[in-house]
Every structure is written in structure tokens, then in C-alpha cells.
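Residue numbers (the working numbering): 125 to 170.
Have a look at the structure below, then the notes.
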């Protein structure tokens with residue numbers, strides 16, 4: 125019973141960590157897109 129509760133808390137912690145990382149991942153992807161777009165724009169201007 126004790127080990128089960130330990131595993132449950134560990135699983136909850138990892139799940140919460142994933143939820144915290146998910147929005148940052150989306151923001152990073154958007155930032156990456158913007159960076160690529162800006163580089164392409166500069167190349168077009170040059």
C-alpha cells in the first residue's frame with residue numbers, strides 16, 4: 125500500500141511537470157517559426 129501511494133505521487137509529479145513544459149514547448153515552437161521567418165525576410169531584402 126505504501127509503495128502504491130509512492131508511485132502515484134511520482135506519476136502525478138511527472139504529469140504536472142509535463143503540463144508545465146507543454147506551453148513552454150509551444151512558445152518555443154512559435155519563437156522558432158518567427159526566427160525562421162525573420163531570417164527569410166532579411167534574405168529577401170538583401
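Note that CB positions come from ideal geometry on N, CA and C, so glycine has one too.
Give the DSSP-derived three-state secondary structure of residue 168 in the structure shown. The sequence position of residue 168 within the chain shown is 44, counting from 1. It is helical.
Rounding to the nearest angstrom, what Cα-Cα distance links residue 157 and residue 167 in this structure? The residue you call residue 157 lines up with position 33 of the chain shown. The residue you call residue 167 lines up with position 43 of the chain shown. Each residue's alpha carbon lies about 15 Å from the other.
When the Cα atoms are used, what is the spatial distance from residue 160 to residue 153? By one-based count along the chain shown, residue 160 stands at place 36. By one-based count along the chain shown, residue 153 stands at place 29. Computed Cα separation, rounded: 11 Å.
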